[in-house]
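With mature numbering (1 follows the signal peptide of the UniProt record, and there is no 0) applied, the sequence shown covers -28 to -1, 1 to 134.
Beta carbons: idealized from backbone N, C-alpha and C, even for Gly.
Here the structure is a predicted model, which is why all the values come from computation and not from measurement.
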Amino acid sequence: MHTNPTFITNWLFALALWVTSLAPTAIGAEAIPEANDFQALQQEMQRKGIPLLLAVRADYCGFCRQLETEHLEPMLRSGQYDARILIRRFDLGSEQTVVDFNGERIDADEFAARHQASLTPTLLFLDAEGKEVAERLLGYNSPDFYGAYLEDAITTAQRALN
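Structural data, given as structure tokens:
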């Protein structure tokens, strides 16, 4: 069997392009740090004097992924929000144990229940004590106006701390 070197070269080039196209997705998937120790986050929030934007999400939620890629990940990458708000994600239905703001180790489902976060996506805006300081944003259906709602909620959360 004779193998055409041009075919192999083209095939390898196509494979390299395909792998490269996957890279932003793989990088973006980890762009939002996961929240599992809220007492440590509390200390960071107090040190920086900023609130927490907690994105309550689920792996099966397509709207969650869309919200992350269209808004939250670009916000993190830009660096423009670093001094305004701490952005973290929380996976609903996770079987992990988390450390609550008071230092108590609880199931992730219990944490979600305490914050009445059962729908995805939900964005919570919390102070260092874990209290909501701006109206939560429920659901995601359009990027057109969502950015303005998100910006308003961040500003409200910041003002609540001052």
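Backbone secondary structure at residue i - three-state DSSP
i	result
A132	helix
L95	strand
L(-7)	Note on L(-7): pLDDT 43, under 50, position unreliable in the model; no value is reported.
I(-2)	Confidence is the limiting factor: at I(-2) the pLDDT is only 43, short of 50, which leaves the residue's position unreliable and the question unanswerable from this model.
E42	helix
A89	coil
E82	helix
A120	helix
Nearest neighbour of residue i, chosen from the options [CA to CA]
i	options	result
R37	R131, G111, L122 and E123	G111
L122	G21, C33, A85 and A106	A106
R60	A7, G21 and T41	A7
F97	T69, N113, T127 and D72	T127
T94	D9, A27 and G21	A27
F10	S114, A129, G75 and A125	G75
G34	N113, I57, Q130 and Q88	N113
Status (buried if at least 16 other CB within 10 Å, exposed otherwise) for residue i
i	result
D99	buried
L25	buried
F117	exposed
E40	buried
D79	exposed
E45	buried
T92	buried
G51	exposed
Q18	exposed
N134	exposed
G102	buried
P23	buried
A85	exposed
First through last residue of the alpha helix (DSSP H) which encompasses residue i
i	result
R49	E45 to S50
R19	F10 to K20
F62	Here F62 belongs to no alpha helix (DSSP H); instead the beta strand (DSSP E) covers L58 to D63.
Any chain E beta carbon closer than 8 Å to residue i
i	result
R37	Annotation note: the requested chain E is absent from the structure, which comprises a single protein chain.
Whether residue i touches residue j by CB criterion (8 Å)
i	j	result
L64	A120	no
residue 137	D72	Nothing about residue 137 can be reported from this structure: the residues present for the chain run from -28 to 134 only.
E16	P115	no
A132	L109	no
Enclosing beta strand (DSSP E) for residue i [first to last residue]
i	result
I78	R77 to D79
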